[in-house]
Structures are given as structure tokens and as C-alpha cells.
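Trainee:
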């Protein structure tokens, strides 16, 4: 394997052979728990109705779509680290173990919720128009129109990522040099911007603000995997930096540099907030919002990986638990909150009545806890048992000459 970030004097020509991560570095970064909490909170905010007349609230709620992009950055970083760490030891990733772990992490709670949407109509916040096979094959995000459990589109993107990245790592692990890696990353991001721009020019450039054809925007430019690679790409690049250049990672996660990256991240996200309000769905937003969001959250991820941030975040009560529940909250929150609103509406309580708000929060937490303890945790225990039963053959080592 060749080193993607070699010494300054010869980084362009050194092979991509990497040193392992610093053994003193914590495997758990508490700062990432806080980012995961923020991601799920703003996603829930995005999916909740907006009240009339509260422009500031509406602006923040409209920004909530970026929570999914933050999840993509986190996923790219964490999954990229899992796949690249064996490569740093001159080993191939254990594909069977990877897919076993991913399957038993995602599928059990996901399939339970899919079944509830398909077989319990009262559960769904909207009629379910997506065929069952689209949910089961993770192809729902192509040609998607807003309907029941439409927010599962992001899981489709994740599953496509889980399929492609391991294959790419296996194919390129002994062939890629640092300039190629960086050039490929830039090309993918620029290519995504250009693709979105071309599709926008072809389908939406002639539309007026009230034209009904705008309903197809999300179907073509928001949900599909080809439009949402920015966050995953930035996360994988950070994983490569952390795995292959731990000294550089440590420098950027300490002191003034970490603070500077936090500032860069906030500036990028501020620009996205402005684009979201002033140019939503127009060309500038279409081409720039996704990459700026990804870069902004990637900068915050590095800053929140600092030892100081981890120590501080580890003291926040409930942060790690809520981060652990983020997946089941994501799966259940739309249907549960809708059910609470429908149940309380006959009593004169609208979506913003204190009882409705509190009831929605409590109901979502209870539903996510039930799904976590009843399905997710048993599946993870089964996963651990299966891993302990696997016969692990030692990976071949290169001969020492």
C-alpha cells in the first residue's frame, strides 16, 4: 500500500504505505457524539411544520436539510477509517466482517420500520407510494416523490457507499499515490457540481418561482446518490488523513489550528445559510450548497476531534446516549410526531402547543428507545457473537527481505 500523504520533501513519489494510528489516540471521539446529536436535532427540526410569522425559526428549520450532509461526513469518516486501517498494516480489509457488521447494524431496525410503514397505514405520516421492492433493494432514492418514509432515501445513499467504497479500497490499495488520491477527490467533487449545474440548466432554468415543475427538483437533484457524494467524499479524505498521517492529524486537531478549522467550518455553513434563504433551488445553491456544507462540516469534524473538544463533550449529560439513539430517532421521528399531532388536534392543540411539542419529544424518545433495546441492541449482540465464532485466518504478510 502506498502512502497518500508522504513527507513534504517527496510526497509525490513515495508509495502509499502508512503508519498505524497513534496508539495513545482514543478510539472514541466524544466530539463526534455531539455532532451526531446536532445532526439528528436539525433533521427533526427540518421535518417539523413551520409556524407562520416566525422568520428566524423558519430560516433555521430550512437549514435542517444539512443535518443529513453532516451524517454523510461522519459516515465517510468512520467507515473510511474502518476500511483504511487494515490497509495501513499492509492487510486487505475483511470484507465478510465489514458487510456482516453493516448488515446487522442497519437492516434489523430498518426492516422493522419498513414493515410498519407497509402494513400499518395508521403509522405513516403520508400514504406510502413507494413499492416494497424499492425499500428492500435501497433504490428508493431514484425517482422519489415525497411520500411515506421518503426520508429513507439517505439510507439508500449510505448503502451504495457501503458497496462502492470497499471495492474501491481493494482495487486501489497498492496503486494510488497521494497526488492521484487528491486529484480524484477534487474531480469527483467538481464533477458533482457540474452535473448538478447541467441538470439544473436543462430542467429548471426557465421556470418561474411558482411553476409546479419545481416539484421535480428534489427527485432529480436532492435524493439521488450522484448528487450527494460531497459529504461522504470529505469524510473519507479525513479518514485517510487520520489513518495514514496521524502526526498531521494530531497537529490539526490541537490548539489554534483546531480553532481555526472551527471558524472555517462556521463561515462555510454561514454561506450555505445565506444561499438557502436567497438562492434556494437556483443555480448558485444547486452547485455550491452541497460542497460548501460538506467542507464546513468536515472542518468542524476535525475541530471536534481535538482532545480539548472530546474532554468537554464527554461531560455533556446524555450526549453519548442520544448519539447512540440517532439512527432509531431518524427512522421513527416523522411518523411518531405526526401521530402525536393527529391525536391532540381534536383537543384544540396545534403543532406548536406546548403539550404537542413535549408529547412529540417524549413519544419519539420512547419509540426510539423501544426500537433500540428491542431490535438494534439484540442484533448488535448477535453480531458480536457471530464475530466471536468466526474462524479468523491470519492475513498473509509480505516477506521480509
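Residue numbers (this note's numbering): 164 to 564.
Beta carbons are placed, not taken as given, at the ideal position from N, Cα and C, and that holds for glycine.
Just to confirm, is the Cβ distance from residue 507 to residue 519 under 7 Å?
Mentor: Going by C-beta atoms, residue 507 is nearer than 7 Å to residue 519.
Trainee: Is the Cβ-Cβ distance between residue 467 and residue 198 less than 7 Å?
Mentor: Yes, they are a contact pair.
Trainee: Please report the straight-line C-alpha distance between residue 545 and residue 273, rounded to a whole angstrom.
Mentor: Each residue's alpha carbon lies about 16 Å from the other.
Trainee: Exposed or buried, residue 259, counting other C-beta atoms within 10 Å across all chains shown (16 or more means buried)?
Mentor: With fewer than 16 Cβ atoms within 10 Å of its Cβ, residue 259 is classed as exposed.
Trainee: Report the three-state DSSP secondary structure of residue 516 (helix, strand or coil).
Mentor: Of the three classes helix, strand and coil, the one that applies to residue 516 here is coil, per DSSP.
Trainee: Scan the stretch 222-279 and note each continuous alpha helix (DSSP H) run of 4 residues or more that stays entirely inside, going in chain order.
Mentor: Listed in chain order, the complete alpha helix (DSSP H) runs (minimum 4 residues) inside the stretch 222-279 are 229-251.
Trainee: Report all residues from its chain with a CB closer than 8 Å to the CB of residue 499; omit the five preceding and five following residues, and keep chain order.
Mentor: Only 523, 526, 527 and 530 meet the Cβ criterion.
Trainee: Just verifying my parser: in three-state terms, what is the DSSP assignment at residue 185?
Mentor: Low confidence applies to residue 185: its pLDDT is 42, below 50, so where it sits in the model is not reliable enough to give any reading.
Trainee: Could you give the uninterrupted runs of the alpha helix (DSSP H) lying entirely in the stretch 286-327, keeping only those of 4 residues or more?
Mentor: Correct list: 295-299.
Trainee: Count the other CB atoms, across all protein chains shown, that sit within 10 Å of the CB of residue 443; report buried if there are 16 or more and exposed otherwise.
Mentor: It is exposed - the Cβ of residue 443 has fewer than 16 other Cβ atoms within 10 Å.
Trainee: My output table needs one value for residue 212: the three-state DSSP class, helix, strand or coil.
Mentor: Residue 212: coil per DSSP, three-state reduction.
Trainee: Could you check which residue in 490, 551 and 217 has the C-alpha nearest to that of residue 536?
Mentor: Out of 490, 551 and 217, 490 has the C-alpha closest to the C-alpha of residue 536.
Trainee: Which same chain residues, not among the five before or five after residue 229, have their C-beta less than 8 Å away from its C-beta?
Mentor: Excluding positions up to five away in sequence, the list reads 205, 432, 435, 456 and 460.
Trainee: Taking the straight line between their C-alpha atoms, what separation do you get for residue 400 and residue 348?
Mentor: If I take the Cα positions, the gap works out to 8 Å.
Trainee: Within its chain, find whatever has a CB closer than 6 Å to the CB of residue 208; leave out the 5 residues flanking it on each side and keep chain order.
Mentor: These residues qualify, in order along the chain: 224 and 227.
Trainee: So, under 8 Å CB-CB, residue 320 and residue 310 are touching, yes? Tell me the CB distance rounded to an integer number of Å.
Mentor: Contact flag wrong, Cβ pair sits at about 18 Å.
Trainee: Compare the Cα-Cα distances from residue 300 to each of 393, 316 and 423 and report the closest residue.
Mentor: Closest by alpha carbon: 316.
Trainee: Quick one: Cα of residue 413 to Cα of residue 458, how far?
Mentor: Between residue 413 and residue 458, the C-alpha separation is close to 19 Å.
Trainee: Just checking my contact of residue 397 with residue 236 at CB under 8 Å: how many whole Å lie between their CB atoms?
Mentor: With a Cβ gap of about 6 Å, residue 397 and residue 236 count as contacting.
Trainee: Decide if residue 447 is buried, meaning its Cβ has at least 16 other Cβ atoms within 10 Å, or exposed.
Mentor: It is exposed - the Cβ of residue 447 has fewer than 16 other Cβ atoms within 10 Å.
Trainee: Could you name each continuous alpha helix (DSSP H) segment of 4 residues or more that falls completely within the stretch 419-501, going from the start of the chain to the end?
Mentor: Listed in chain order, the complete alpha helix (DSSP H) runs (minimum 4 residues) inside the stretch 419-501 are 446-467, 470-476 and 482-487.
Trainee: Would you say the stretch 328-338 touches the stretch 352-359, given that touching needs at least three Cβ pairs under 8 Å?
Mentor: Output reads no: the stretch 352-359 does not touch the stretch 328-338.
Trainee: In this structure, how does DSSP classify residue 604 when only helix, strand and coil are distinguished?
Mentor: With the chain covering 164 to 564 only, the question about residue 604 has no answer from this structure.
Trainee: Pull up the CB-CB distance for residue 242 and residue 345, whole angstroms please, since I reckon it's below 8 Å.
Mentor: Not a contact, Cβ separation roughly 20 Å.
Trainee: If you draw a straight line from the C-alpha of residue 380 to the C-alpha of residue 366, how long is it?
Mentor: Straight-line Cα distance between these residues: approximately 9 Å.
Trainee: Could you tell me if residue 288 is buried or exposed, where buried requires 16 or more neighbouring beta carbons within 10 angstroms of its beta carbon?
Mentor: That one is buried.
Trainee: Out of 279, 390, 534 and 463, point me to the one whose CA is closest to residue 420's CA.
Mentor: Out of 279, 390, 534 and 463, 463 has the C-alpha closest to the C-alpha of residue 420.
Trainee: From what residue to what residue does the alpha helix (DSSP H) around residue 379 run?
Mentor: Here residue 379 belongs to no alpha helix (DSSP H), and DSSP marks it neither H nor E.
Trainee: Rounded to the nearest angstrom, what separates residue 533 and residue 488 at their Cα positions?
Mentor: Spanning the two alpha carbons is a distance of roughly 10 Å.
Trainee: Whose C-beta lies closer than 7 Å to the C-beta of residue 196 among residues of the same chain, with five residues either side of it excluded?
Mentor: Within the same chain, residue 196 has close Cβ partners 476, 482, 483 and 486.
Trainee: DSSP on residue 167, reduced to helix/strand/coil?
Mentor: In this prediction, residue 167 scores a pLDDT of 39, lower than 50, which makes its location untrustworthy; the coordinate-derived value is nonetheless stated afterwards. It is coil, neither helix nor strand.
Trainee: Residue 394 lies in the alpha helix (DSSP H); which residues open and close that run?
Mentor: Here the alpha helix (DSSP H) through residue 394 covers 393-407.
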